[in-house]
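These notes are about the structure you will find just below.
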Amino acid sequence: MTVNAAPQTWRAWLTAEAPQSRLQAQLGRAYASWRSLAQNPLALVGLVIILLLALLALLAPVIAPYSPVEQDLTNRLQPATAAHPFGTDELGRDIFSRLLYGSRITLLIIFLVSIIVLPLGLAIGTASGYFGGLIDTVLMRVTDIFLAFPRLILALAFAAALGPGIENAVIAISLTAWPPYARLARAETLTIRKSEFIDAARMQGATSAHILANHVVPICLPSVLVRLTLDMAGIVLTAAGLGFLGLGAQPPMPEWGLMIANGRQYLLDQWWVSTVPGLAIFVISLAFNLLGDGLRDALDSRSS
Amino acid sequence: MTDAAATELVTMPSRRSRLPGLLTAIGRQALSVALTFLGLTCVTFVIGRMIPTDPVIAIVGQKAPEDVYQRVFHELGLDQPIYVQYWRYLMKVLHGDFGVSLFSSKPVLHDLMNVFPATIELSTVAILIGVLLGVPLGVAAAARQGKLTDHVIRVLGLIGYSMPVFWLGMVGLLLFYGKLDWLPGPGRFDVMYEGWMEPTTGFMLIDSLIAGEPDIFWDSLRHLILPATLLGYLSLAYIARMTRSFMLKELRQEYVLTAQVKGLSRTAVIWGHAFRNILVSLITVIALSYGYLLEGAVLTETVFSWPGLGLYMKNGLFNADMNAVLGGTMVVGIVFIGLNLLSDLAYWIVDPRAR
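So the sequence lines, in the order shown, correspond to chains A and B.
Going by the numbering used here, the first residue of the first sequence is number 9, and it counts up by one from there.
Going by the numbering used here, the first residue of the second sequence is number 165, and it counts up by one from there.
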C-alpha cells in the first residue's frame, strides 16, 4: 500500500479524485458520507446523545453517587433534592444512579440483538438471492410468514414460553426482527450475483460459501447497517415494553421499562418514579431515530 | 410513453380472457393466505411446546400416581409423533378450539369473543383520529416541503415515533386525570355503571345508544377519549410520514406540471390529481397501522386497565395461562393476515393496473 507522496492536507487526501489504494477509497467514501451527515443538525444531535449515553454507561460506576440496587427504606419516594437529583424510588434507591446503570442494560440489549439479527438476516438473505430456485422460494416464503406476524405479540409469546429474563427477551426480539434484513440482503445479492467478479471467483475454484462470505456479504453490509440503525429505536422500545410487562430484566435490575412498571402505583403522588425512566427511553429512541434518518439521507442520494 | 401505451392497448386482454386471470389471482391469494396461516399455527404450536413446565403435571398435579399421569399423557396425545400432534392441533384450531383458559376456566375462544370488541372499539376510534389528522398533515408537509410547516410536522412525527406508548399513557393519565381532573381515570366506564347493561354488540358506545342510556354513552366516551387520542397520535405520526413521502414522489411527476400549466389551482392539482394517485398506497399504510394498534394494545390496555384483548393476554402471561396467550396471538395473527388480504383487495379495486 503506497500513500500519496506528499498530501497537502488530510482533506485533500480523502477527497482525492483518484484514490491510490483501496483504503484511501474506502476512507474517502466514509468521509463524503460523514460530510453529508454533518450537514444535518438533527442527525448530529442524535449522534451526540448516543455517544453521551455510551460514555455515561461506560462511566456509570464512577459517576453514579449510589448503588443501583442498595435499598434505603428510610428515604423512600423522596422528591428531587441535591442528594438525589431525580428523587428516590419505592425502595429508597437513587433514581439517577439506577438510570445510569440502566443505560448499560439498554445498550447491551441493542448490541446482543444486533449480533444475532445481522448474521441471521445476512445468511438467509444472501443464500436466498445467490442460489435462487427452490432455496429462494422456501426461504422467502418463511421470511414472508414472519414478516406478516405482529412483532410485539410474537416476542411476547416467545418470552412467555421461554420465561422472563434479559437473555430470553433478546432471543424473542431477535426471532421477530430478522426478516427485513433477509429481504434487504436478498435484494442486494440479486443485483450482483450475475457480476463478472463473482464469475471470476467461481472460476478460480472458490466455493459458494467462500463467495458469499467474502464477496457478497461485504456488499450487502452498508445498507443492512443503515437499516439496523433505523431499527434501534424500535429495539429500545420493544425491550422497554417487554420489561414493562415483566418479561424482560427482572428485579432488582435497573431496567428502564421495569422501573416504569414499578413506579406505576405511585404515579399520581410520586410521579417522578415512573416518568423519569420513561423520559430516558424517549430521549434515546428519539436520538436513534434522528441519527437513522440522517444516515439514510446521507447514504441514499436518491432521497435528497 | 405513447408507444408503451399503444402496445398496452394492443395486448390488452379481451373480456373473455380476463376471467382466468382473475381466477389465478384469487387462487394465488388464497394459497398465500393459507400458507401464512399454516406458518402462524406452526409458530404457535412450537411456542406451546417450548414451555418448560410439563403440561401433564399442570393438569394432574405433582402428586398424581403414575398410571393417572400415563393416562393423561396418552389423552393429550403426547405419545404420538410430532407431526400427528401438530395435525391434531391444527384441526382443533380450525374448529375454533384454542383450549380452556386456566385462569377463567372457560374456553379461550369464548373469552376472546368477550374481550375483543373493547380492543376493536379503542383501535377504531384511534385509527379514525390518525387518518383524519395524519393524511391532511402529510399532504400539507409535502406541499410545503422544506418550509416551517414541513419541519413542524416532521418533528411531531419523530416524537410520536420515539414515544414508549405505555409511558405516554401514564403521563396522559397523570396530567388529565391526576392533575387537571378533566377526564376520568383508567377503565372503560365508571364502576357505578357496572352490570347496568347486557352487552349486545360489545361496543360500549353502540350498546349504550341501543339501550337508550345517554349517561353511560357519555361516560364511556369520556373514558375512551384519552387512550384513543394517544394511540391516534402514534398512528398519526406514521400515517403523516408515509403520506408525505408518497405525495412528494407524486408531485414530482410530469402530469402535475402539465395540470399546473393548464391553469389548475394548486389545491385542485394536489387533491384532485396527486392525492387520488396515492390512495392505493395509503390504504396499505392505514391497514398496517391498524395492525400496529392491535399489537400495541397489550401495553396501552395494561396502562388504562382497558378490558380488551391486550389486557387478557397480559393477565394470561402473569397466570402462566399459555392457552390464553397463544389464543390471543392467534387472533392478532389472523387479523394481520386479514388486513394484508384486505389491502391487496383494495389495490385490486382502486388500481386497474393491478388487475
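Using N, Cα and C, we set each Cβ at its ideal position, and we do this for glycine too.
Asked, Found
"Give the single residue among Lys426(B), His315(B), Leu296(B) whose Cα lies nearest to the Cα of alanine 305(B).", "His315(B)"
"Would serine 136(A) and arginine 194(A) be called neighbours here (beta carbons separated by less than 8 Å)?", "yes"
"Roughly how many angstroms separate the alpha carbons of valine 444(B) and serine 268(B), rounded to a whole number?", "43 Å"
"Is it right to say tryptophan 18(A) is buried, meaning 16 or more other beta carbons lie within 10 angstroms of its own, or is it exposed?", "exposed"
"Which whole-angstrom value is the C-beta distance of glycine 302(A) and asparagine 48(A), which I expect to be below 8 Å?", "4 Å"
"Which one of Thr145(A), His92(A), Trp21(A) has the shortest CA to CA distance from tyrosine 74(A)?", "His92(A)"
"Which of the three DSSP states, helix, strand or coil, is assigned to threonine 114(A)?", "helix"
"Straight-line CA distance for valine 220(B) to glycine 302(B)?", "55 Å"
"For a test of the three-state rule: what should DSSP assign to aspartate 102(A), helix, strand or coil?", "strand"
"If the cut is a Cβ gap below 8 Å, which residues of chain B does glycine 129(A) touch?", "Residues of chain B passing the Cβ test: none, with the nearest at roughly 18 Å."
"With the cut-off set at 8 Å, would you say isoleucine 323(B) and leucine 294(A) are in Cβ contact?", "yes"
"Going by DSSP in three states, proline 69(A) sits in which element: helix, strand or coil?", "helix"
"In terms of alpha-carbon separation, which member of Gly427(B), Leu421(B), Leu312(B), Ala451(B) lies closest to leucine 509(B)?", "Ala451(B)"
"Between the Cα of glutamate 98(A) and those of Val291(A), Gly300(A), Ser282(A), spot the shortest distance and give me the residue it belongs to.", "Ser282(A)"
"If you count every other CB in all the chains shown that lies within 10 Å of the CB of asparagine 222(A), and 16 or more means buried, which is it?", "exposed"
"Could you pull the start and end residues of the alpha helix (DSSP H) that isoleucine 243(A) belongs to?", "225 to 252"
"What number of angstroms, rounded off, separates the C-alpha of glutamate 459(B) from the C-alpha of glycine 497(B)?", "10 Å"
"Look up tryptophan 245(B) in the DSSP assignment and give the residues it is bridged to.", "For the sequence presented, residue 245(B) should be read as proline rather than tryptophan. The partner list for proline 245(B) (beta bridge, DSSP) is empty, contrary to what the question assumes."
"How about the region 319 to 338 of chain B and the region 375 to 394 of chain B: do they share at least three Cβ pairs that are nearer than 8 Å?", "yes"
"Between valine 279(B) and chain A, is any beta-carbon pair separated by less than 8 Å?", "no"
"Can you tell which of Gly95(A), Ala209(A), Ser182(A) has the C-alpha that lies nearest to the C-alpha of glycine 271(A)?", "Gly95(A)"
"Tell me whether the beta-carbon of glycine 110(A) lies closer than 8 Å to the beta-carbon of proline 285(A).", "yes"
"Got a sec? Which residues, its chain only, sit under 6 Å from glycine 480(B) by beta carbon, not counting five neighbours each side?", "Ala488, Val489"
"Could you check which residue in Met486(B), Gly474(B), Val210(B), Trp470(B) has the C-alpha nearest to that of isoleucine 223(B)?", "Met486(B)"
"Just to check my reading of the structure: serine 384(B) and arginine 352(B) have Cβ atoms closer than 8 Å, yes? What is that Cβ distance to the nearest angstrom?", "6 Å"
"Roughly how many whole angstroms lie between the Cα atoms of leucine 85(A) and glutamine 278(A)?", "7 Å"
"With distance defined between alpha-carbon atoms, name the residue in Glu239(B), Trp360(B), Pro348(B) nearest to glycine 376(B).", "Trp360(B)"
"Could you run through the region 209 to 236 of chain B and flag, in chain order, every residue whose CB is less than 9 Å away from some CB of chain A?", "Val210, Ile211, Gly212, Arg213, Met214, Ile215, Pro216"
"Shortest alpha-carbon distance to alanine 401(B) belongs to which of Leu312(B), Ile513(B), Tyr247(B), Leu320(B)?", "Leu320(B)"
"Does the region 287 to 297 of chain B touch the region 204 to 216 of chain A, meaning 3 or more C-beta pairs lie closer than 8 Å?", "no"
"Using a beta-carbon distance below 8 Å, is phenylalanine 205(A) in contact with chain B?", "no"
"So that I know if they touch, is there some Cβ in chain B lying closer than 8 Å to that of tryptophan 21(A)?", "no"
"Taking 8 Å as the threshold (beta carbon to beta carbon), is asparagine 297(A) in contact with chain B?", "yes"
"Measuring CA to CA, which of Met240(A), Ser203(A), Ala46(A) is closest to isoleucine 227(A)?", "Ser203(A)"
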